[in-house]
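Here is the structure we will look at.
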Amino acid sequence: MNDKNRHALGRGLDALINPASKINRDEQVEIINSNLQGDDGSSQEILAKIDIENIAPNPFQPRTEFEPNALEELKKSILQNGLIQPVTVRRVTENKYELISGERRLRAIKEIGYKQIPAYI
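Residues 0 to 120 in numbering that gives the first Met the number 0 are what the sequence shown lists, from first letter to last.
What follows is the structure, given as structure tokens:
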């Protein structure tokens with residue numbers, strides 16, 4: 000692999016997300032783990048429980064249809080095992096977030112009736 004291609008790889012989500020969306024650590028969310036490290040060694044990613052009513056869907060969601068049977072299976076799995084992979088969100092305003100990944104998980108959590116979801120911010 001030549002050096003030209005190396006600069007395009009491994010930049011992570013920070014390359015796609017506006018740096019102005021950095022988290023205020025005094026924010027009113029339940030922090031689960033804030034010692035996570037990004038690819039560059041920084042501790043910018045936070046795992047927190049967020050009220051689902053504060054998460055807006057991603058307007059660029061590539062999926063337009065969600066298979067009802069697959070969603071039912073996901074709900075059963077969450078009820079039996081918990082949510083194994085948190086969703087990923089970005090902060091839009093003080094207490095509002097936009098979903099980056101995990102649309103099916105968020106829909107399943109809403110249908111189950113949970114009020115909060117674990118999320119990487």
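For glycine and all other residues, C-beta sits at the position ideal for the given N, C-alpha and C.
In this text, all values refer to a predicted model and were calculated from it rather than measured experimentally.
On the three-state DSSP scale, how would you describe Phe59?
coil
Using 8 Å as the threshold, is the C-beta distance between Gln115 and Ile54 below it?
no
Are the CB atoms of Ala107 and Ile83 within a distance shorter than 8 Å?
no
So Val88 and Ala118 are supposed to be a Cβ contact under 8 Å. How far apart are they, rounded?
5 Å
Phe104, buried or exposed, once every other Cβ within 10 Å from all chains shown has been counted against 16
Checking the sequence, you will find Arg at residue 104 rather than Phe. Counting Cβ neighbours within 10 Å, Arg104 comes out buried, since at least 16 surround it.
Taking the alpha-carbon positions, what's the Gly81 to Glu102 distance?
16 Å
Taking the beta strand (DSSP E) that Leu98 belongs to, which residues open and close that run?
95-100
What residue does the beta strand (DSSP E) around Gln115 start on, and which one ends it?
115-119
Residues sharing a beta bridge with Val91, DSSP
Looking at the DSSP assignment, Val91 forms no beta bridge with any residue, so it has no partner.
Out of curiosity, what's the CA-to-CA distance linking Arg62 and Val86?
16 Å
Keeping to the same chain, check which residues put their C-beta closer than 8 Å to that of Gln73; ignore five residues upstream and five downstream.
Residue identity differs from the one stated: residue 73 is Leu in this sequence, not Gln. For Leu73, where only same-chain residues beyond five positions count, the Cβ hits under 8 Å are Arg103, Arg104, Ala107.
Can you check which of these residues, Ile99, Ile111, Ile120, is closest to Gln60 by C-alpha distance?
Ile99
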